[in-house]
Amino acid sequence: MIFDTETAILARLAAKCAPGSVLLGTFDPVDVSDDAASPVVGKLTLMQISATGAVHGSAAASDLYYSFSVYCDVYRASAGQKTAAAALLEAAGNALVGWEYAGLRTPTMQTGQPTEFDGRLLRLSFGFSIPAYFVGT
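Read left to right, the sequence shown gives residues -19 to 117 (the working numbering).
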């Protein structure tokens, strides 16, 4: 259930963001070394699973909190790639607003990870949550 949701989110982002965008999931490492294929990477990370307190019969409701971050190696990225990094962040947010993952399950925008810059690598992020259900067997 949890990683089926992540797979669906990544598929939605791949369909709505610029072709060729590098999109990674929770377990994928971000490689922005000098040998990396791209100095711009989009990364979806499951940040938290939060119980909503709703347990009905054999199902428990929860919220999956994600962060979508764009990482940009500002020294390697060309002006066009920096523009593409900004466009990727915006396109990803636009792809999720109003999207119905499953019946009555739509993302809610949340605070993402703080913007961070270490002198070379810039991270820009937004957050969102999506409802999920654990089902007893």
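C-beta: ideal position from N, C-alpha, C; glycine also.
Can you pull the DSSP bridge partners for residue i?
i, result
"Gln90", "Gly107"
"Gln28", "Tyr45"
So for residue i, helix, strand or coil by DSSP?
i, result
"Ile(-8)", "Sequence inspection shows Arg at residue -8; the Ile mentioned does not correspond to that position. Looking at Arg(-8) - three-state DSSP - the assignment turns out to be helix."
"Gly73", "helix"
"Asp(-16)", "helix"
"Gly33", "strand"
"Ala82", "strand"
"Ala39", "strand"
So residue i packs on residue j, CB below 8 Å; how close in whole Å?
i, j, result
"Cys52", "Leu102", "5 Å"
"Ile110", "Leu26", "Ile110 to Leu26, Cβ: 10 Å. No contact."
"Pro87", "Leu76", "5 Å"
Original post:
When the Cβ atoms of the stretch 65 to 73 are set against those of the stretch -10 to 2, are three or more pairs found closer than 8 Å?
Top reply: Yes, since at least three Cβ pairs between the stretch 65 to 73 and the stretch -10 to 2 fall closer than 8 Å, the two stretches touch.
Original post:
If we count Cβ pairs, one from each stretch, closer than 8 Å, do we get three or more for the stretch 18 to 37 versus the stretch 48 to 56?
Top reply: The stretch 18 to 37 vs the stretch 48 to 56: in contact.
**OP:** Pair every Cβ in the stretch 27 to 35 with every Cβ in the stretch 8 to 15, then say whether three or more of these pairs are closer than 8 Å.
**Re:** Flag = no, the stretch 27 to 35 and the stretch 8 to 15 do not touch.
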